[in-house]
Amino acid sequence: MAVLKRKQKTSFEGGGLVLFLDVQDAIKAEKVLKGAGYLVKLVAPPPELRKGCDLAVEINLVEQPGIERLLKQKDAAYVGVAPLKVGTSELLEIVKVTDFGDWVMVRAGNMKITFNRESGVIVNTSGGGCPDIPHLHAELIGKLLTEAPRPRDIGFTLCALMLDQALEECLALWQGGR
Amino acid sequence: MMLIAGTVPMKDLPLTTGEVSADGGFLVVDGHCIPCTQGTGAMVSSALAVTDYLKLGQPQVVVAGDIGEGKGSRSIYEYLIQRVPELSPDVLALHYILPDMALMRRVCDSVDRCARRPVMVADAASMYAAKAAGLASKFDIFTPDATEVAFLADLNATHPAYISRHLFDTDITQTPELVAAAYRNKSAARLLLVKGTVDYIVDGGRILETIAEPDVPELEAIGGTGDTITGLVSAFAYAEMELHEAAIIAARANRMAGKFAQATPATRVRQIIDQFPAVFKEYLCSWSGVCIVEGGNYNG
Chain A
731 MAVLKRKQKT SFEGGGLVLF LDVQDAIKAE KVLKGAGYLV KLVAPPPELR KGCDLAVEIN
791 LVEQPGIERL LKQKDAAYVG VAPLKVGTSE LLEIVKVTDF GDWVMVRAGN MKITFNRESG
851 VIVNTSGGGC PDIPHLHAEL IGKLLTEAPR PRDIGFTLCA LMLDQALEEC LALWQGGR
Chain B
3 MMLIAGTVPM KDLPLTTGEV SADGGFLVVD GHCIPCTQGT GAMVSSALAV TDYLKLGQPQ
63 VVVAGDIGEG KGSRSIYEYL IQRVPELSPD VLALHYILPD MALMRRVCDS VDRCARRPVM
123 VADAASMYAA KAAGLASKFD IFTPDATEVA FLADLNATHP AYISRHLFDT DITQTPELVA
183 AAYRNKSAAR LLLVKGTVDY IVDGGRILET IAEPDVPELE AIGGTGDTIT GLVSAFAYAE
243 MELHEAAIIA ARANRMAGKF AQATPATRVR QIIDQFPAVF KEYLCSWSGV CIVEGGNYNG
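This is the structure we're talking about:
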């Protein structure tokens, strides 16, 4: 006799919530995200994170930038994204600058971009650890700061978002210094 | 056997496993050419430099293409969950894999089923997942940089983008406090190799050694020079060095390779990796007592 074995249910610990004003928006967003292959689930947000309705979509927080971009592309309304863990700080928005003489390195969170002070060409990116970072490294190196693709547009993860912040600061420094 | 797992920036590369070799500027696994650039490519290349030099078995790798969408990462997790007990590697090093706490938990459960527990190494997003899921104590070595050690010290952060501002604002002189917090929160592996202006080697919360020479600050700007340290320490652990010794020598070798390459912020990581054989030839024997003798064998 064949032994029936229940298929193991896929477990999910996302760490982030997409918040909505009404239930219909949450259901639409869940459908959009699942359709694109994201692992998500509908959950009740904790009271301290509730923005409008009693339904939220739990996501893998690391995938926040790719998920927000997709929701905007599909006109799926949402209020915001928040870490699920109470006590988590806001997204980092500060940068640090290191002067290497002919080169300037800008660090945002765990990500760094270095550009040539004279030409404005990106010579290196470093830091981070998400899978889109080596791809962005290849896409950015050798490009002018003003012509480089924006990591927030072609990346998918929080590392990409930090890299985008670094690029924003590089642009401000270079354009301000000309 | 040393097993290294991580994604590579080749969107269409399927899950690929096997022994890795070098061919010019590329790595070759099961007929696929993988670029030796920032990320798992740089990590594997530096591990290979060690195993080649010491005439050890070449690293086995499990890689998959992933540019951030997660599909390749999930295929690696599933491979590890299914196969690790059977493969039972001596060293298992996890690298650029999209953080997924539930899948990382299942990988660690699989490792628990190995006949002999491997030396567990995590860097990059695998370290983020291990910390976020509360699994840091399952690992023997983490290799964070200065920002990442602040992430380990932040009890609530699940990614370095969400660390507290006051922790991000710390400088390298405050690394000991951050390290202490990371161990207090049970967010650190047994051994930490903190990469920075000064490298810290920490075992169980005790700072064993700091390394500041040669001073090559440009290395911080070069994408992949943290990955090379992880590859080196993994391979030295595979060579059965004590873990703290493996970490100390990895940090020294990386700095020395930067010096040999006369690194600038525009240097590519490949140029650093190319220096490792010369660094090992000149220093490894005196640093570690591991000396290549006539006939190509080595004395440990």
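Chains A and B, in that order, are what the protein sequence lines are.
Using our numbering, read the first sequence as starting at 731 and increasing by one per residue.
Using our numbering, read the second sequence as starting at 3 and increasing by one per residue.
Glycine included, every Cβ here is placed at the ideal spot set by N, Cα and C.
From a predicted model like this one, the values you see are computed outputs, not experimental measurements.
Chain A within 7 angstroms of residue i, Cβ atoms only
i	result
G225(B)	yes
M103(B)	yes
F141(B)	no
A259(B)	no
K164(B)	According to the sequence shown, residue 164(B) is Tyr rather than Lys. So, interface residue.
S236(B)	no
N2(B)	Chain B is shown from 3 up to 302; residue 2(B) falls before or after that span and cannot be answered.
S75(B)	yes
H246(B)	no
L2(B)	Because chain B in this structure spans residues 3 to 302, residue 2(B) falls outside the shown range and cannot be described.
Q84(B)	no
A7(B)	no
A95(B)	no
P146(B)	no
Identity of the residue in the options nearest residue i by Cα
i	options	result
K133(B)	S189(B), D54(B), I213(B), D171(B)	S189(B)
P162(B)	E21(B), A265(B), A131(B)	A131(B)
V31(B)	A7(B), A237(B), Y185(B)	A7(B)
R880(A)	E898(A), L888(A), A902(A)	E898(A)
P61(B)	A159(B), A253(B), G226(B), P91(B)	P91(B)
A806(A)	A878(A), M892(A), I871(A), L749(A)	L749(A)
L891(A)	P861(A), R780(A), G831(A)	P861(A)
K761(A)	R780(A), P777(A), K804(A)	K804(A)
K771(A)	Q895(A), T844(A), E823(A), A786(A)	A786(A)
R115(B)	C293(B), P16(B), L89(B)	L89(B)
S741(A)	A184(B), R107(B), M243(B), H168(B)	R107(B)
V773(A)	R799(A), L893(A), C783(A), A878(A)	C783(A)
T844(A)	T828(A), K781(A), P795(A)	T828(A)
F830(A)	E179(B), G41(B), I224(B), L5(B)	I224(B)
Contact check, residue i vs residue j, beta carbons under 7 angstroms
i	j	result
A248(B)	A259(B)	no
I852(A)	K873(A)	yes
L194(B)	F141(B)	no
M759(A)	L814(A)	The amino acid at residue 759(A) is misidentified as Met; the sequence shows Ala. In this structure, L814(A) does not lie closer than 7 angstroms to A759(A) by Cβ.
P219(B)	K261(B)	no
H246(B)	D201(B)	no
G744(A)	I789(A)	yes
V792(A)	P87(B)	no
A255(B)	Q277(B)	no
V836(A)	C889(A)	no
G839(A)	G70(B)	no
C35(B)	R272(B)	no
H867(A)	T876(A)	no
I83(B)	A127(B)	no
A237(B)	T53(B)	yes
L154(B)	P146(B)	yes
A214(B)	V235(B)	no
I294(B)	I250(B)	no
Span of the alpha helix (DSSP H), counted from its first residue to its last, around residue i
i	result
L801(A)	794-803
G906(A)	888-906
L56(B)	42-56
T149(B)	148-155
I231(B)	227-240
E778(A)	That residue, E778(A), is in no alpha helix (DSSP H); it is neither H nor E in DSSP.
V770(A)	Unbroken run through V770(A): none, as it is neither H nor E.
Residue i at chain B interface by Cβ criterion, 7 angstroms
i	result
E743(A)	yes
G839(A)	yes
L801(A)	no
G702(A)	What the structure shows of chain A is the stretch from 731 to 908, and residue 702(A) is not part of that stretch, so it cannot be assessed.
P813(A)	yes
G817(A)	yes
W833(A)	yes
L749(A)	no
L888(A)	yes
L821(A)	yes
A756(A)	no
Unbroken beta strand (DSSP E) run spanning residue i, endpoints
i	result
Q62(B)	62-67
L210(B)	208-213
L195(B)	193-196
L117(B)	Rather than Leu, the amino acid found at residue 117(B) in this sequence is Ala. Taken as a continuous stretch (DSSP letters only), A117(B) belongs to no beta strand (DSSP E), as it is neither H nor E.
R272(B)	Per DSSP, R272(B) belongs to no beta strand (DSSP E); it is in the alpha helix (DSSP H), 271-275.
A159(B)	Taken as a continuous stretch (DSSP letters only), A159(B) belongs to no beta strand (DSSP E), as it is neither H nor E.
Practice problem: Report the residues of the segment 44-71 of chain B with a CB closer than 8 angstroms to any CB of chain A, ordered along the chain. | Solution: D68, I69, G70, E71
Quiz item: Of all the residues that make up the segment 848-877 of chain A, which are near chain B by a beta-carbon distance shorter than 7 angstroms?
Solution: V853, N854, T855, S856, G857, G859, C860, P861, D862, I863, P864, H865, H867, A868
Exercise. Scan the segment 784-796 of chain A for residues whose Cβ lies nearer than 8 angstroms to a Cβ of chain B and list them as they occur along the chain.
Key: N790, L791, V792, E793, G796
Quiz item: Of all the residues that make up the segment 127-139 of chain B, which are near chain A by a beta-carbon distance shorter than 8 angstroms?
Solution: A127, S128, M129, Y130, A134, A135
Quiz item: Of all the residues that make up the segment 176-205 of chain B, which are near chain A by a beta-carbon distance shorter than 7 angstroms?
Solution: none
Exercise. Could you list the residues in the segment 265-282 of chain B with a C-beta less than 7 angstroms from some C-beta on chain A, going in chain order?
Key: P267, A268
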